[in-house]
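Scroll down for the structure; my scribbles are underneath it.
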Amino acid sequence: MRVLALEEHYATTEFLNGPGRWLASRTGIVKPISDLGDGRIAAMDDGGVDVAVLSLAAPGVEQLEGSEAVRLARACNDELAAAIGRYPDRLAGFAALPISAPEEAADELERAVRGRGLVGAVINGHSRGRYLDDPVFDPVLARAAALRVPVYLHPTIPPPRVIEACYAGFSAEVTFALSTVGWGWHINTATHVLRLILGGVFDRYPELQFIIGHMGEATSFMLPRFDATLKPELTGLRHPVSAYLRRNLNYTFANFSDEATYANLIAQVGAGRVCFSADYPFGSMRAARDFFDALPLSAHDRALIGHRNAERLLGL
1 MRVLALEEHY
11 ATTEFLNGPG
21 RWLASRTGIV
31 KPISDLGDGR
41 IAAMDDGGVD
51 VAVLSLAAPG
61 VEQLEGSEAV
71 RLARACNDEL
81 AAAIGRYPDR
91 LAGFAALPIS
101 APEEAADELE
111 RAVRGRGLVG
121 AVINGHSRGR
131 YLDDPVFDPV
141 LARAAALRVP
151 VYLHPTIPPP
161 RVIEACYAGF
171 SAEVTFALST
181 VGWGWHINTA
191 THVLRLILGG
201 VFDRYPELQF
211 IIGHMGEATS
221 FMLPRFDATL
231 KPELTGLRHP
241 VSAYLRRNLN
251 YTFANFSDEA
261 TYANLIAQVG
271 AGRVCFSADY
281 PFGSMRAARD
291 FFDALPLSAH
301 DRALIGHRNA
311 ERLLGL
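Structure follows, in structure tokens:
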């Protein structure tokens with residue numbers, strides 16, 4: 001069965017020397033994340049992945065000033081598009097966007113999609129403490145809706161004031177883990193999604209699609225609570241929060257391999273909203289594929305999660 005992986009990462013040399021320099025401290029990461037050639041394809045073959053949809057690793061360009069962000073985003077998107085051109089049957093990509101310059105980001109999304117063949121955008125959390133429900137970012141959301149391409153909302157390090165308020169007081173190592181991979185990445189992404197919903201983004205753009213990883217960043221577990229406490233008569237929205245989570249959000253594994261977490265996600269949103277991903281090279285493609293293959297799924301649902309949902313969402 002064909003398998004598409006939706007949250008797989010790459011980095012260029014220029015990115016690694018700039019906002020991605022933190023990756024240099026990660027043992028064994030720089031070589032595989034930099035490989036956009038035969039080594040990447042071999043790793044996909046070994047991991048049982050037919051097509052990898054690549055996105056620039058966090059923190060992306062979201063924390064850079066406008067002109068610098070525009071230049072680096074364009075360079076990364078061009079390098080990614082060139083790699084896809086060399087392996088058109090194996091690779092696809094999400095565009096990096098300089099959202100600190102929203103009008104330029106919207107134009108870069110259109111250039112990347114229409115001119116370079118990318119299939120959507122990746123946005124790494126906030127831009128210097130500002131989230132996508134802020135009206136300043138509406139040009140980006142409007143353009144994604146007009147182009148009918150999804151936005152992958154990926155976690156990033158929370159703003160400094162959030163780290164200080166919520167995660168400080170421990171060793172530097174514990175604070176970093178708690179504010180990122182242990183909790184902060186996920187809960188801040190979930191909050192970001194709620195801000196998009198409560199800010200009326202999906203009422204304004206009902207066809208706009210977002211993707212989040214890590215089995216839904218805890219949103220599926222909280223979904224009944226959202227509906228009980230954030231009712232339309234309070235929020236002024238057209239629908240309950242759950243309707244947007246089931247209509248405008250899509251979800252990937254992204255290095256989560258717990259069957260109970262997966263079962264909760266499927267129970268709340270259904271197999272038609274879930275896609276396979278491995279979070280490579282931070283996660284193992286082979287481990288993700290083995291987890292997927294062992295899930296108790298019907299042939300229909302296995303095909304949806306393995307490739308059909310992604311093909312529909314990305315036009316592949």
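Going by UniProt numbering, 139 is the number at position 139 of the sequence shown; the sequence numbering is gapless.
Note that CB positions come from ideal geometry on N, CA and C, so glycine has one too.
List the DSSP bridge partners of Phe210.
-> Val151, Leu249
Mind reading off the beta-carbon distance from His186 to Tyr131? Whole number of angstroms is fine, and I expect it under 8 Å.
-> With a Cβ gap of about 15 Å, His186 and Tyr131 do not count as contacting.
Unbroken stretches of the beta strand (DSSP E), 3 residues or longer, contained in the segment 43-83 = 51-56
What residue range is occupied by the uninterrupted alpha helix (DSSP H) comprising Tyr262?
-> 259-269
For His154, does the count of other Cβ atoms within 10 angstroms reach 16, so buried, or fall short, so exposed?
-> buried
Val3 versus Tyr280, Cys275, Ile197, residue with shortest Cα-Cα distance | Cys275
Can you tell me which of the three DSSP states Ser179 falls into?
-> helix
Can you give the Cα-Cα distance for Pro240 and Asp133, rounded to whole angstroms?
-> 18 Å
How about the segment 115-130 and the segment 144-161: do they share at least three Cβ pairs that are nearer than 8 Å?
-> yes
Could you say which of Gly48, Gly47, Pro59 lies nearest to Leu23 if we only look at CA atoms?
-> Pro59
So, Leu194 versus Thr219, is the Cβ gap smaller than 9 Å?
-> yes
Note down, one range per segment and in chain order, each alpha helix (DSSP H) of at least 4 residues found wholly within the segment 90-142.
-> 102-110
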